[in-house]
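Residue numbers (the working numbering): 2 to 306.
For glycine and all other residues, C-beta sits at the position ideal for the given N, C-alpha and C.
All of these numbers come straight from a predicted model, not from anything done at the bench.
Notes follow once the structure below has been shown.
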């Protein structure tokens, strides 16, 4: 393969056996990176395991002249997160980039959600992002460089039905990324998020019971996982050296910079507040700036471009 934006870098991509992770792994390799393809080979809900998906992506990379190795550890365990990073060190001698992409879905309306459904999703998405990131952190610090790319979601950034576990995990990942960026910028380490819109195995489990849901899924199907890979490669590269602590969304051919919470309006009373004055003064004054209970689809209402 010819030299590319991440030539010589060693990149770990979790959940890379299919979907978005696979396309990121292939794109990283095509741009000169050596890739650890991590995938436990579980179902969308996180059950079972299969070494096949990770190895098939490795074979595909090698067939194109790239360098890759498979890893089938679960990101949901701290020791396994260490082993994922050790795979990079043992095989390629270093680690430069972590792409936290692994995920599962166990959608359920909140009043019906079970503790196991909550735990499983938080463990893979939020704990998984922490475990793998933490395992790489000291190596990044010692070498004075490193980049994290985390997958968040508009389900957390904006909202969605039936995804309290997933939304909480994905919004938590955005905060984790920002904290890493703040804590590790002095060591030359960057951390950014991507909220991807793409038709994948996970998104394929979205309910399609109503006409509106069916129309939404048809729009999503136009957005292939390969559309996410270019910005992931860019964020991993030295070209993004001044990009840190940001959240991007990618929808087909569109790239968005997402907002982060900041004050939008304030009220003040010199004598302080009582519950009554909050009701009579503060809330009426602030109400015009309240955010509606939007879902992701209410904000991204136009067809993918």
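If you ignore the 5 residues before and after residue 153, its C-beta comes within less than 6 Å of the C-beta of 171, 174, 175, 194, 196, all in its own chain and listed in chain order. Restricted to the segment 108 to 167, the beta strand (DSSP E) segments that are unbroken, complete and at least 3 residues in length are 147 to 152, listed in chain order. In this structure, the beta-carbon distance from residue 98 to residue 133 does not fall below 8 Å. Distance from the CA of residue 269 to the CA of residue 223, rounded to the nearest whole angstrom, comes to 49 Å.
In this structure, the CA atom of residue 23 is about 12 Å from the CA atom of residue 42. Residue 58 and residue 27 have their alpha carbons spaced roughly 8 Å apart. In the three-state DSSP reduction, residue 291 falls in the coil class, being neither helix nor strand. Look at residue 262 here: in three-state DSSP terms it is coil, with no helix or strand label. Counting of Cβ neighbours within 10 angstroms places residue 284 among the exposed residues, the total staying below 16.
The shortest C-alpha to C-alpha distance from residue 96 to any of 226, 244, 146 is the one to 146.
In this structure, residue 159 lies near residue 295, with their beta-carbon atoms less than 8 Å apart. Collapsing the DSSP output to three states places residue 75 in coil.
Contact between the segment 79 to 97 and the segment 10 to 19 is present: three or more C-beta pairs spanning the two stretches fall below 8 Å. Membership of residue 196 in the beta strand (DSSP E) is indicated by the continuous run 190 to 198.
The Cβ neighbour count for residue 108, taken over all protein chains shown within 10 Å, is at least 16; the residue is labelled buried. Here the C-alpha atom of residue 114 lies approximately 10 Å from the C-alpha atom of residue 120. With 16 or more other Cβ atoms inside 10 Å of its own Cβ, residue 148 counts as buried. Rounded to the nearest angstrom, the Cβ distance from residue 191 to residue 254 is 25 Å, too far for a contact under 8 Å.
The C-beta distance from residue 166 to residue 118 rounds to 6 Å, short enough to fall under 8 Å. Comparing C-alpha distances from residue 74 to each of 56, 282, 280 shows the shortest one belongs to 56. As the crow flies, the alpha-carbon of residue 231 is around 9 Å from that of residue 29. Counting only residues of its own chain and dropping the five nearest sequence neighbours on each side, residue 186 has a CB closer than 7 Å to the CB of 245.
Per DSSP, residue 252 is one residue of the beta strand (DSSP E) stretching across 248 to 252.
Around the beta carbon of residue 264, a 10 Å sphere encloses fewer than 16 other beta carbons of the protein chains shown; the residue is thus reported as exposed.
For residue 61, the secondary structure class from DSSP, reduced to helix, strand or coil, is helix.
By the C-beta density criterion, residue 85 is buried, having at least 16 other C-beta atoms within 10 angstroms.
With contacts defined by Cβ atoms closer than 8 Å, residue 150 and residue 286 do not form a contacting pair. The beta carbon of residue 83 sits closer than 7 Å to those of 136, all from its chain and outside the five residues before and after it, given in chain order.
With a threshold of 16 other beta carbon atoms within 10 Å, residue 15 meets it and is buried. At a Cβ-Cβ threshold of 8 Å, residue 101 and residue 67 do not count as neighbours.
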